[in-house]
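Chains as they are written, first to last, in our numbering: chain A, 7 to 401; chain B, 7 to 401.
Written below as structure tokens is the structure these notes are about.
Protein chains: 2
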Amino acid sequence: MSGNMATTSGELRAHNRVRLLRAVHDCGATLTRSRLTRGLDLARGTASVLVGGLVEDELLHEKPAPEHPRGRPTLVPGPHPRGPLVLAADLREDAWELAACELGGRVTVLAEQDHDGTPEGALLPLGAAIRAQRGSPRGRVVGAGVAVAGPVRAGGLVDVPHLRWRSVNVPELLGLPDGWVRVGNDTALAGLAEARRGLLRGVQVALHLHVDFDLGGVLVVGGHPLGGASGMGAEFGHMPLTGGSEPCMCGAHGCWALEVGANALLRHLGLAYGGGRGRDQARLLLARAAAGEEAASAAVTANSRALGRGIAALVNAHDPEVVTLSGLAPDLHDRAAPALSRAFEDGLMTIRRDRPPRIIPSALGRRGSLLGAMESVFDAFLTPEGLATWLSVRS
Amino acid sequence: MSGNMATTSGELRAHNRVRLLRAVHDCGATLTRSRLTRGLDLARGTASVLVGGLVEDELLHEKPAPEHPRGRPTLVPGPHPRGPLVLAADLREDAWELAACELGGRVTVLAEQDHDGTPEGALLPLGAAIRAQRGSPRGRVVGAGVAVAGPVRAGGLVDVPHLRWRSVNVPELLGLPDGWVRVGNDTALAGLAEARRGLLRGVQVALHLHVDFDLGGVLVVGGHPLGGASGMGAEFGHMPLTGGSEPCMCGAHGCWALEVGANALLRHLGLAYGGGRGRDQARLLLARAAAGEEAASAAVTANSRALGRGIAALVNAHDPEVVTLSGLAPDLHDRAAPALSRAFEDGLMTIRRDRPPRIIPSALGRRGSLLGAMESVFDAFLTPEGLATWLSVRS
DNA sequence: GTTTTTTGTTCACGGCTAGAGCATAATGAG
DNA sequence: CTCATTATGCTCTAGCCGTGAACAAAAAAC
Numbered sequence: 007m008s009g010n011m012a013t014t015s016g017e018l019r020a021h022n023r024v025r026l027l028r029a030v031h032d033c034g035a036t037l038t039r040s041r042l043t044r045g046l047d048l049a050r051g052t053a054s055v056l057v058g059g060l061v062e063d064e065l066l067h068e069k070p071a072p073e074h075p076r077g078r079p080t081l082v083p084g085p086h087p088r089g090p091l092v093l094a095a096d097l098r099e100d101a102w103e104l105a106a107c108e109l110g111g112r113v114t115v116l117a118e119q120d121h122d123g124t125p126e127g128a129l130l131p132l133g134a135a136i137r138a139q140r141g142s143p144r145g146r147v148v149g150a151g152v153a154v155a156g157p158v159r160a161g162g163l164v165d166v167p168h169l170r171w172r173s174v175n176v177p178e179l180l181g182l183p184d185g186w187v188r189v190g191n192d193t194a195l196a197g198l199a200e201a202r203r204g205l206l207r208g209v210q211v212a213l214h215l216h217v218d219f220d221l222g223g224v225l226v227v228g229g230h231p232l233g234g235a236s237g238m239g240a241e242f243g244h245m246p247l248t249g250g251s252e253p254c255m256c257g258a259h260g261c262w263a264l265e266v267g268a269n270a271l272l273r274h275l276g277l278a279y280g281g282g283r284g285r286d287q288a289r290l291l292l293a294r295a296a297a298g299e300e301a302a303s304a305a306v307t308a309n310s311r312a313l314g315r316g317i318a319a320l321v322n323a324h325d326p327e328v329v330t331l332s333g334l335a336p337d338l339h340d341r342a343a344p345a346l347s348r349a350f351e352d353g354l355m356t357i358r359r360d361r362p363p364r365i366i367p368s369a370l371g372r373r374g375s376l377l378g379a380m381e382s383v384f385d386a387f388l389t390p391e392g393l394a395t396w397l398s399v400r401s
Numbered sequence: 007m008s009g010n011m012a013t014t015s016g017e018l019r020a021h022n023r024v025r026l027l028r029a030v031h032d033c034g035a036t037l038t039r040s041r042l043t044r045g046l047d048l049a050r051g052t053a054s055v056l057v058g059g060l061v062e063d064e065l066l067h068e069k070p071a072p073e074h075p076r077g078r079p080t081l082v083p084g085p086h087p088r089g090p091l092v093l094a095a096d097l098r099e100d101a102w103e104l105a106a107c108e109l110g111g112r113v114t115v116l117a118e119q120d121h122d123g124t125p126e127g128a129l130l131p132l133g134a135a136i137r138a139q140r141g142s143p144r145g146r147v148v149g150a151g152v153a154v155a156g157p158v159r160a161g162g163l164v165d166v167p168h169l170r171w172r173s174v175n176v177p178e179l180l181g182l183p184d185g186w187v188r189v190g191n192d193t194a195l196a197g198l199a200e201a202r203r204g205l206l207r208g209v210q211v212a213l214h215l216h217v218d219f220d221l222g223g224v225l226v227v228g229g230h231p232l233g234g235a236s237g238m239g240a241e242f243g244h245m246p247l248t249g250g251s252e253p254c255m256c257g258a259h260g261c262w263a264l265e266v267g268a269n270a271l272l273r274h275l276g277l278a279y280g281g282g283r284g285r286d287q288a289r290l291l292l293a294r295a296a297a298g299e300e301a302a303s304a305a306v307t308a309n310s311r312a313l314g315r316g317i318a319a320l321v322n323a324h325d326p327e328v329v330t331l332s333g334l335a336p337d338l339h340d341r342a343a344p345a346l347s348r349a350f351e352d353g354l355m356t357i358r359r360d361r362p363p364r365i366i367p368s369a370l371g372r373r374g375s376l377l378g379a380m381e382s383v384f385d386a387f388l389t390p391e392g393l394a395t396w397l398s399v400r401s
């Protein structure tokens with residue numbers, strides 16, 4: 007709910023500055039000034055004043071447009087060379103990646119590193135890397151976002167059951183103040199990125215599912231993943247949607263996540279799983295299934311069927327326009343499409359069968375969580391309050 | 007999402023007029039002008055102009071405050087005697103009720119009538135009643151809201167599986183233009199009312215469950231039920247949350263709604279059910295259970311257990327702050343609290359067990375859907391666009 | 001009756017956007 | 001090469017809005 011409020015003239019100006027910056031960011035700094043002016047329904051004079059102010063505040067920088075059909079050439083507002091930077095990190099079960107992002111969404115990968123799966127082993131080096139970047143371009147870094155593979159409670163407390171992380175205080179271990187670093191759930195952030203820069207642009211209600219070791223899902227409503235970025239509400243994997251009753255590591259029984267994902271694939275074949283090891287093994291298994299090996303194929307088919315059945319339940323409940331898949335889910339979709347489709351259609355209510363939502367693989371691939379971490383920080387920065395701190399720091 | 011936008015001075019004014027009217031409406035026309043001024047963070051002069059304008063437009067009328075501690079007495083802005091009216095109807099399986107509502111939420115019941123459960127039998131008399139009211143107080147009625155017991159597709163197409171309504175075009179049968187009459191799902195509207203005038207005021211994420219013949223549920227996020235008022239997304243009852251696999255009238259299998267509600271109670275005892283008949287019988291059954299009769303108690307306990315288990319699954323997935331119950335659910339909660347609680351707690355993830363959400367009966371009782379129908383119309387009216395039509399009609 | 005307290009009203013002021021008029025810089029036709 | 005065309009940027013005025021201070025009003029407390 008982008009509940010933008012403006013009651014005074016001053017807030018009106020702040021609001022329009024934000025609108026303009028948001029438009030530049032969301033289009034990836036591709037739109038010309040004249041196009042922005044029309045798109046935001048501003049008078050040319052107003053746009054002139056606004057852009058001028060933002061350039062002076064080192065938030066925007068105008069570059070000549072590569073092409074223009076006629077008339078006086080217009081400029082393309084983009085990130086200022088001394089403008090704000092956002093750090094974004096994707097913390098997976100076995101490695102992390104850190105990147106710097108500028109307004110408009112251009113990403114520069116700064117570091118990638120494996121880790122041992124313990125909170126300290128993962129977070130201490132990442133914290134050092136972030137702190138090293140934090141001060142280097144004087145005052146340019148306005149915040150950091152970190153995507154993690156588990157639910158995040160207020161204050162950045164993270165649980166990752168299959169890594170045995172319990173109430174891990176991520177900001178503390180990173181050595182960074184909570185609030186400056188924003189910790190979020192990888193699935194919720196992938197959904198956020200999909201809504202801003204992927205296939206869910208302009209979609210009102212969508213379901214985004216991320217399959218990795220575990221299965222996560224989140225509802226994306228009006229461009230915002232439900233449960234905020236923290237993703238306490240991105241736990242669709244822990245509903246009993248497939249009729250099972252076995253205990254799950256999460257503490258509940260019969261969870262959908264037991265039937266779908268890398269862990270489920272390995273479990274189905276009686277192989278060791280858990281602890282964040284086995285991603286490669288799972289990929290290998292998918293390849294073996296593609297090659298026609300029977301046992302592997304059976305495991306993939308069982309996974310796909312469970313995925314389809316769960317999606318049907320969620321579609322019944324929430325009526326999304328689209329369902330996007332990321333992580334391993336696109337592979338399951340490709341390798342065993344008939345099983346998935348049949349289970350999906352069987353599980354639908356009659357009234358949903360006329361126009362079932364499309365089930366499509368994500369446009370962002372494995373970059374979703376990282377991009378979502380970036381967007382979550384820009385979401386906080388591209389507000390009247392966020393810009394106010396930017397100005398107060400520089401003056 | 008209340009995505010309020012203001013870019014020009016004029017829109018700023020319109021926005022503040024709406025804010026003021028909303029505040030009056032939401033508080034039930036109880037707040038004094040001085041309190042509203044402070045609450046909305048307006049200057050006294052601004053409030054003066056705003057209220058003056060709204061009084062002149064016959065939207066507000068100021069009455070003396072009953073009490074005031076000191077200083078110059080202030081007035082209480084409330085509905086204007088020639089101000090806007092909203093018609094709200096609650097269409098149940100066996101009867102309907104029509105009411106007129108003024109700004110602030112005061113409800114005057116205009117008519118109540120039983121019907122035979124067919125689309126024509128229910129909707130033709132209701133349509134006549136609404137049309138009779140529509141023109142009578144000259145131009146005062148700004149819209150009508152109708153709550154129905156089934157999912158509503160775009161354009162007011164309604165399905166009620168257990169009444170065998172399939173794609174019933176409600177606006178058409180009512181003889182009213184779609185858009186002027188707003189059709190919504192009863193559960194979603196009850197959730198909306200709960201969020202505005204009940205126990206969910208100020209709650210960010212909540213789950214509202216309505217148990218009647220069927221079981222409906224909706225997520226209320228930031229004061230808005232998900233899936234809009236139409237309630238295509240208010241179908242939590244049709245997820246397989248309890249491990250069953252029997253076919254449901256909805257077309258899916260193992261639905262939660264098969265285990266909870268009046269139909270489920272009767273079914274458990276081998277009695278006839280369906281078709282919207284048996285509400286009294288179900289109430290009788292609850293009474294017999296309260297009196298200690300064993301078979302009835304067993305049915306109620308089974309219902310409560312299924313209710314608790316399903317709630318746990320939804321809490322795992324969505325992490326609501328509160329769960330509110332309406333319809334028969336509060337009775338189930340009262341009659342078999344231990345069974346419900348145990349099933350609820352057993353189904354929770356470990357991380358949800360520290361602070362499980364409260365499960366509480368609704369504050370609005372059976373009035374929820376009617377009030378929600380009212381709110382859905384006022385939501386459309388209390389916008390810059392809605393007020394613009396009010397002004398254009400009067401001039 | 002006077003003082004205190006709180007609220008409503010009025011008005012000058014600064015801030016904001018719209019829109020018109022003018023300047024600018026490209027294209028395209030001749 | 002020149003000039004009309006076209007689209008955009010810049011500047012300035014007019015009109016609207018909310019703020020806040022000064023003043024008026026109306027009740028309670030002393």
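Note that beta-carbon positions come from the ideal geometry of N, C-alpha and C, so glycine has one too.
This one's a predicted model, so the numbers in the text were calculated from it and none came from an experiment.
Asked: Proximal chain B residues relative to A:Gly353, where beta-carbon distance stays under 8 Å; Found: Pro246, Ala258, His259
Asked: Whether B:Pro363 touches B:Glu327 by CB criterion (8 Å); Found: yes
Asked: Unbroken alpha helix (DSSP H) run spanning B:Glu396, endpoints; Found: With the sequence shown as reference, residue 396 of chain B is identified as Trp, and Glu is not the correct amino acid for it. Note, B:Trp396: alpha helix (DSSP H), 390–400.
Asked: Chain A contact for B:Ser40 (CB, 8 Å cutoff); Found: no
Asked: C-beta neighbour in chain B for A:Glu241, strict 8 Å; Found: yes
Asked: Boundaries of the alpha helix (DSSP H) in which B:Gly222 is found, first to last residue; Found: Segment 221–227 is the beta strand (DSSP E) holding B:Gly222; no alpha helix (DSSP H) there.
Asked: A:Ala312 and A:Glu351 closer than 8 Å at C-beta; Found: no
Asked: Proximity below 8 Å, CB of A:Gly208 to CB of A:Met380; Found: no
Asked: Interface residues of chain B facing A:Ile357 [CB-CB closer than 7 Å]; Found: Pro157, Asp165
Asked: Contact list for A:Gly233 against chain B, beta-carbon separation under 8 Å; Found: Val211, His324, Asp325
Asked: Partner residues on chain B for A:Asn22, Cβ-Cβ distance less than 8 Å; Found: Thr13
Asked: Environment of B:Gly267 [buried if 16+ CB atoms lie within 10 Å]; Found: buried
Asked: Contact set between A:Gly249 and chain B, taken where Cβ atoms lie within less than 9 Å; Found: Pro246, Gly249, Gly250, Ser251, Gly260
Asked: The segment 171–189 of chain B touching the segment 354–362 of chain B, judged by at least three CB pairs closer than 8 Å; Found: no
Asked: Min CB distance A:Ala319 to chain B below 8 Å; Found: yes
Asked: Integer-rounded CB distance, given that A:Ala308 should sit under 8 Å from A:Leu275; Found: The Cβ separation is near 10 Å, so there is no contact.
Asked: Same chain, Cβ closer than 8 Å to B:Ala160, five either side skipped, listed in chain order; Found: Ser236
Asked: Cβ-based neighbour list, A:Arg172, same chain, cut-off 7 Å, excluding 5 preceding and 5 following; Found: Asp165
Asked: The beta strand (DSSP E) enclosing A:Val217, as first and last residue numbers; Found: 211–217
Asked: Span separating the alpha-carbon of B:Ala394 from that of A:Gly145; Found: 47 Å
Asked: Which of helix, strand or coil DSSP assigns to B:Arg39; Found: helix
Asked: Those residues which DSSP pairs with A:Asp63 across a bridge; Found: According to DSSP, A:Asp63 bridges with nothing at all.
Asked: Boundaries (first-last residue) of the alpha helix (DSSP H) holding B:Ser368; Found: Looking at the DSSP string, B:Ser368 is not in any alpha helix (DSSP H), and its letter there is neither H nor E.
Asked: Unbroken stretches of the alpha helix (DSSP H), 4 residues or longer, contained in the segment 308–389 of chain B; Found: 335–341, 343–353, 374–387
Asked: Reduced DSSP category for B:Asp120 - H, G, I as helix; E, B as strand; rest coil; Found: strand
Asked: Exposed unless 16 or more other CB atoms sit within 10 angstroms - verdict on B:Arg25; Found: buried
Asked: A:Gly204 burial status per 10 Å Cβ neighbour count (16 or more: buried); Found: buried
Asked: A:Leu91: first and last residue of the uninterrupted beta strand (DSSP E) it sits in; Found: 91–97
Asked: Collapsed DSSP secondary structure at A:Asp192 in the structure displayed; Found: helix
Asked: Range of the contiguous beta strand (DSSP E) that encloses B:Leu104; Found: 101–108
Asked: B:Met255 Cβ short of 7 Å to the ligand ADP heavy atom set; Found: For the ligand ADP, the structure offers nothing, since it holds no ligand at all.
Asked: Test: B:Asp47 CB closer than 8 Å to a CB of chain A; Found: yes
Asked: Residue range of the unbroken beta strand (DSSP E) whose run includes A:Gly239; Found: Here A:Gly239 belongs to no beta strand (DSSP E), and DSSP marks it neither H nor E.
Asked: From A:His74, A:Cys107, A:Phe242, A:Ala194, residue whose alpha carbon lies closest to that of A:Ile317; Found: A:Phe242
Asked: Beta-carbon proximity of A:Asp325 to A:Val211, cut-off 8 Å; Found: yes
Asked: Cβ-based neighbour list, A:Pro336, same chain, cut-off 8 Å, excluding 5 preceding and 5 following; Found: Pro367, Ser368
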